[in-house]
Structures are given as structure tokens and as C-alpha cells.
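Numbering (the numbering used here), first residue to last: 2 to 146.
For glycine and all other residues, C-beta sits at the position ideal for the given N, C-alpha and C.
Quick caveat, the model's predicted, so the values are computed rather than measured.
Please read the structure below before turning to the comments.
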């Protein structure tokens, strides 16, 4: 069950501010903890931090946009994307597969602007992880019988 969908990258920025990069790392660590502990409280905390990160990113890019803004850190550089998708306040969006600069260059690209990227909602991704774990548990119980 894959609930991902494609959107177009509308704009991108790069930022090397060490504090921003640190915050991006902390959000990634919180995301990893969310997957590990999978509780309503962890999900609520992550969503709150995700919302705060979006506010921070809008300040960094100095643009008021109703669109989804997300980022990832690569080698001390924060890569910020604005997606052509309105922020609807639902579950946070995540890129399914974020390319590296080298992967872009291999495709003859130097930007993601105008490119289609695959995204999914965080709650859908967590549901898929739960289903995968449940399937693995079921398989193990069959093997043990």
C-alpha cells in the first residue's frame, strides 16, 4: 500500500548556517525516534517540531509562501525545497527519495526546480512501517510453528 504522490519542485535554496544545519539534524533524529517508539505523543511532538521548522525555513528563505517547504542536510549544507503543493496542515510531507547532488549531475541536472519528486505523508509512512512489522511478526510466527 503506497500512498505516495508526485509534486513539482517550485524553488530551492542552499544555506550553510551551522545553527540551521544543527536544527535539521535534530528534527531528523526526532523523526527516527518517532519510528522507533511510534506513540501518539511522539507523533504529536514531531508534528509540532515540523511546523516550527517550516516557520523557521520561511524566515530563512525570506518568502511568504502557502506551499510546503522542506529541507535536508548534505555535507554541512541545508538544501531547502519549496514544493508546488499547498500546506494543508494535515500530516507532514516527506520526500520518498531525496537525490544527492551527484545523482542530479549524473542525470545532467544542476537543480531540482521544475522536477517531479515523490512525496508521502508521514502518517502513511508510519502505517506502512507498522504493516511491515506486523507482516514480519506473522511470518516469524508461521516459521516457528
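In the structure shown, residue 40 falls within a coil segment according to DSSP collapsed to helix, strand and coil. For the 8 Å CB-CB criterion, residue 8 and residue 111 do not form a contact. Residues 78, 79, 80, 81 of the same chain have their beta carbon placed closer than 8 Å to that of residue 15, with the five preceding and five following residues left out of the count. Where residue 94 is concerned, the enclosing beta strand (DSSP E) starts and stops at 94-96. Annotation for residue 104: the continuous alpha helix (DSSP H) segment containing it runs 102-107. For residue 63, the secondary structure class from DSSP, reduced to helix, strand or coil, is coil. Residue state for residue 45 is assigned as helix, using DSSP reduced to three classes. Non-local C-beta neighbours of residue 55 in its own chain, meaning closer than 6 Å and more than five positions away in sequence, comprise 70, ordered along the chain. Excluding five sequence positions before and after residue 13, the CB atoms of its chain that fall closer than 8 Å to its own CB belong to 80, 81, 82, 83, 112, 113, 114, given in chain order.
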